[in-house]
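In this note's numbering, the protein residues as written are 219 to 438.
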């Protein structure tokens with residue numbers, strides 16, 4: 219969903235290089251996301267029913283994120299927190315957050331809460347693989363040069379950082395100031411990994427990251 223353009227993040231996307239980023243990747247995303255939604259539809263409906271039965275509120279959680287070219291969009295996830303108590307001033311989730319529902323704990327641990335983003339892929343806001351989309355508040359801290367590079371491509375459901383930081387919430391919980399740790403340590407490293415992905419993006423890279431993500435989820 220397209221949001222107020224006046225709040226878009228300033229960015230000058232770099233020219234895309236290679237056949238994969240210039241068109242092959244989008245074709246792959248459409249085929250894979252479409253097939254995935256068809257195959258997973260029964261399971262997604264069951265998860266939606268479970269969420270509704272487990273706690274009051276909508277099935278989906280939507281949040282403003284920064285997309286390609288700095289344009290804002292709303293990302294879709296299965297709701298994992300008590301309704302009307304989604305992250306506010308601090309837009310990161312830390313440890314055993316009391317706002318997380320019973321269903322939400324399993325959805326987060328298994329990463330099943332991310333599956334609705336297949337809708338965002340079909341809509342053109344996201345890709346299967348790419349830098350994870352950041353909230354505007356934190357993306358404003360990105361250095362301009364890296365911001366331009368990372369925002370040259372569509373954000374993804376998974377990337378290198380998603381695999382390396384799969385236990386990010388627990389790590390932040392151990393910090394005296396979780397948000398400061400995120401801004402000073404975690405976010406800069408994630409941004410560097412995102413820039414590396416833009417440099418290395420290819421069909422082989424995307425397939426490798428998809429398989430690595432599935433292995434990481436299976437080990438949880």
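C-beta: ideal position from N, C-alpha, C; glycine also.
Which of the three DSSP states is assigned to residue i in this structure?
{"i": "residue 293", "result": "strand"}
{"i": "residue 347", "result": "strand"}
{"i": "residue 280", "result": "strand"}
{"i": "residue 310", "result": "coil"}
{"i": "residue 360", "result": "coil"}
{"i": "residue 420", "result": "coil"}
{"i": "residue 230", "result": "coil"}
{"i": "residue 393", "result": "coil"}
{"i": "residue 329", "result": "coil"}
{"i": "residue 401", "result": "helix"}
{"i": "residue 406", "result": "helix"}
{"i": "residue 353", "result": "coil"}
{"i": "residue 324", "result": "helix"}
{"i": "residue 338", "result": "helix"}
{"i": "residue 242", "result": "helix"}
Please name the residue, chosen from the options, that lies closest to residue i on a Cα-to-Cα basis.
{"i": "residue 267", "options": "296, 254, 252", "result": "296"}
{"i": "residue 451", "options": "435, 239, 225, 333", "result": "The first residue shown for the chain is 219 and the last is 438, placing residue 451 beyond what the model contains."}
{"i": "residue 403", "options": "359, 272, 277", "result": "359"}
{"i": "residue 335", "options": "423, 310, 258", "result": "258"}
{"i": "residue 340", "options": "417, 293, 426, 248", "result": "248"}
{"i": "residue 255", "options": "300, 338, 326", "result": "338"}
{"i": "residue 277", "options": "283, 300, 287, 284", "result": "300"}
{"i": "residue 246", "options": "401, 273, 331, 428", "result": "428"}
{"i": "residue 356", "options": "230, 324, 437, 283", "result": "283"}
{"i": "residue 311", "options": "422, 363, 374, 396", "result": "396"}
{"i": "residue 272", "options": "318, 361, 400", "result": "318"}
{"i": "residue 331", "options": "298, 343, 241", "result": "298"}
With which residues is residue i paired in a DSSP beta bridge?
{"i": "residue 374", "result": "345"}
{"i": "residue 269", "result": "In DSSP, residue 269 forms no bridge with anything."}
{"i": "residue 318", "result": "299"}
Output the distance between the C-alpha atoms of residue i and residue j, rounded to the nearest integer angstrom.
{"i": "residue 275", "j": "residue 244", "result": "34 Å"}
{"i": "residue 369", "j": "residue 232", "result": "8 Å"}
{"i": "residue 287", "j": "residue 372", "result": "8 Å"}
{"i": "residue 354", "j": "residue 433", "result": "30 Å"}
{"i": "residue 327", "j": "residue 238", "result": "32 Å"}
{"i": "residue 229", "j": "residue 348", "result": "17 Å"}
{"i": "residue 409", "j": "residue 322", "result": "27 Å"}
{"i": "residue 411", "j": "residue 383", "result": "11 Å"}
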